[in-house]
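Q: Before we start, here is the structure in question, set down as structure tokens.
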Amino acid sequence: MKIAHKIIALLLPLVFMAINMGEASTVRYAVPLQDNVKIFDNRTGEFIPVATMKKDQPLVINKEYEQDWWEIKFGNGYAYISKSDVYQSETWTTRNVNTNAKNSNQTVLINYDLEVYDNTSGKLVPMVSIKAGLRYPVISEFGNFWKVDVGGRIGYMPKARTSVDNGIPILMYHHILTPEEKANSVYANASTTITTTEFNSQMEWLKKNQFETISLYDLERYLHKQVNLPAKAVVLTFDDGITSIREYAYPVLKQYGFIAEQFIITSRIPKSKQPFQWDTLRFFSQQDMDEMSDVFHYGSHTHNLHSLIGNKAKGLTVSSEELYEDLLTSQNILGTYYFAYPFGQYDQRFIDTVKKAGYRMAVSTRRGKVNLGEDLYTLERLGIEPGLSINEFAKKVSN
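Here the sequence shown stands for residues -24 to -1, 1 to 375, where the numbers follow mature numbering (1 follows the signal peptide of the UniProt record, and there is no 0).
Structure representation (structure tokens):
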């Protein structure tokens, strides 16, 4: 009898383990009650429809969201289905549940509304419709289709209704003056100074062509494969915190509902707000920064290392200790996790120190767009130089 009790005692943990494993592997489905049940994105805090479900084509529930929603896997992020539009089932069977296929770093732009098909029966059966205007990750190519995960199921998206994603543009600006001011200033031939006419037409083009300005926080989450972004996403960045941006860029950005990142040299923050003078460089005060926080987020451009020693950025010439203290000082003033290298110059020591100081992402002046899988501490940007026609600007920003 004692031996039997010992055997039972030894077996009980295995029994409970098996039960728990069985519970963990139970798949719950959201089964639509009718055709065209809406699927919503919630990245911005607002529920925006991005897709619809087909009747009798369930999707795998990830978890309950708040009280009224089911959360499902959608691309590299999550989407939401109203509980009132579906019923929950643990008995539904489907052969295309995604058990181990991972999204690659390849993304596509959905140019037209499209169907994602289930192909388990050997014929294409519409599973989900996805709206145009999204950026979506793929698992792999499959002939004329992209193999994708939608709601925890493997589906096939027609290539003809998509285009390969060439990356998200991060635009780089510095100084803006009116045409008259620029022509009569020492910045007449400066490659970092554009006119108000150029800037205004560029922002008008972005608005007219339905681009969404995203924050560096949005971009960071995207690069960590935590959210999906729209096909027409763009990051606007301004270096140095010059008052011409307060004078000429801020009102335009506010008018269009845009947001942007301003990289501040924190040792140059004046104690009080400075009047704008077109022929002198003046910098944002704390009051300026507070008043424009509805448009600008503030990143670091160092505390006091924005200068050149010969042709070399000062940050490359100081000791590791001095560099670290400078970066930490700037971060503490701004409360930021984002950094821009002065003059675009950096080396491995600089990168390592930026990481050590607690920054999570850094931008360079290397030319290019940003894709999944890239180094978060050497992100490329597109400098917007003077004399750029609107067609040239459009070509630079567009996919």
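In this text, a Cβ means the ideal position worked out from N, Cα and C, and glycines have one as well.
As the structure is a prediction and not an experimental result, all values here were calculated from the model.
Measuring alpha carbon to alpha carbon, tell me which residue in I152, N74, K59, K230 is nearest E361.
A: Answer by Cα proximity: I152.
Q: Is there contact between the stretch 84 to 102 and the stretch 44 to 56, where contact requires at least three CB pairs shorter than 8 Å?
A: No contact exists between the stretch 84 to 102 and the stretch 44 to 56.
Q: Per DSSP, which residues does S283 bridge with? Please list them.
A: According to DSSP, which records beta bridges pairwise, S283 is partnered with nothing at all.
Q: In its own chain, which residues sit with a C-beta less than 6 Å from the C-beta of G143, not counting the 5 before and 5 after it?
A: K345, V346, N347, listed in sequence order.
Q: Report the residue from N12, A316, K201, V84 whose alpha carbon sits nearest the alpha carbon of L212.
A: Measuring from the Cα of L212, the nearest candidate turns out to be A316.
Q: Measure the alpha-carbon distance for S220 versus F252 and round it to whole angstroms.
A: Cα to Cα, the separation comes out at about 7 Å.
Q: Residues bridged to E117 by DSSP?
A: Partner(s): W122.
Q: Kindly confirm or deny that the stretch 305 to 324 and the stretch 273 to 283 touch, where touching means at least three C-beta pairs closer than 8 Å.
A: Flag = yes, the stretch 305 to 324 and the stretch 273 to 283 touch.
Q: Please go through the same chain and pick out, in chain order, the residues whose beta-carbon is closer than 8 Å to the beta-carbon of T83, but skip the five residues on each side of it.
A: Same-chain partners within the cutoff: R111, Y112, P113, V114, D141, N347, L348.
Q: Could you tell me which residues DSSP pairs with L110 in its beta bridges?
A: Per DSSP, P206.
Q: Would you report the Cα separation of V13 and Q64, rounded to the nearest angstrom?
A: Taking the straight line from one Cα to the other gives about 14 Å.
Q: On the CB-based measure, 16 or more other CB atoms within 10 Å of its CB, does S116 come out buried or exposed?
A: Burial call: exposed.
Q: Pick from T168, Y314, E156, H200: whose alpha carbon is nearest that of L192?
A: Of the candidates T168, Y314, E156, H200, the one whose C-alpha sits nearest the C-alpha of L192 is Y314.
Q: So for N375, helix, strand or coil by DSSP?
A: Note: N375 maps to coil in three-state DSSP.
Q: Taking contact to mean at least 3 C-beta pairs separated by less than 8 Å, is the stretch 256 to 271 in contact with the stretch 293 to 302?
A: No, they do not touch.
Q: Would DSSP call L85 helix, strand or coil?
A: It is a strand residue.
Q: Would you kindly work out how many angstroms separate the C-alpha atoms of L205 and E47, rounded to a whole number?
A: Going by the C-alpha atoms only, they are around 18 Å apart.
Q: Would you mind listing the alpha helix (DSSP H) stretches within the stretch 126 to 199 that are 4+ residues and don't spill past its ends, in chain order?
A: Complete alpha helix (DSSP H) runs here, min 4: 155 to 159, 172 to 184, 192 to 199.
Q: Grouping DSSP H, G and I as helix and E and B as strand, with all else coil, what is A77?
A: A77 falls in the coil class under three-state DSSP.
Q: Under 8 Å between the Cβ atoms of I190 and A209?
A: Closer than 8 Å, so yes.
Q: Pick from S269, R244, I106: whose alpha carbon is nearest that of G233?
A: Minimum Cα distance to G233 is reached at S269.
Q: When the Cα of T28 is compared with those of N165, K107, Y132, which residue comes out closest?
A: T28 has its Cα closest to that of K107, out of N165, K107, Y132.
Q: Where does Q321 fall in DSSP's three states?
A: Correct three-state label for Q321: coil.
Q: What residue range is occupied by the uninterrupted alpha helix (DSSP H) comprising L304?
A: Unbroken alpha helix (DSSP H) run through L304: 296 to 310.
Q: Roughly how many angstroms lie between the CA atoms of V203 and F319, to the nearest whole one?
A: Between V203 and F319, the C-alpha separation is close to 31 Å.
Q: Based on DSSP bridge pairs, tell me the residues matched to D216.
A: DSSP, once it has assigned bridges, lists I240 as partnering D216.
Q: My output table needs one value for L358: the three-state DSSP class, helix, strand or coil.
A: If DSSP states are grouped into helix, strand and coil, L358 belongs with the strands.
Q: Name the residue from R342, D351, S365 whose alpha carbon lies nearest to the alpha carbon of R357.
A: Of R342, D351, S365, the residue nearest in Cα terms is R342.
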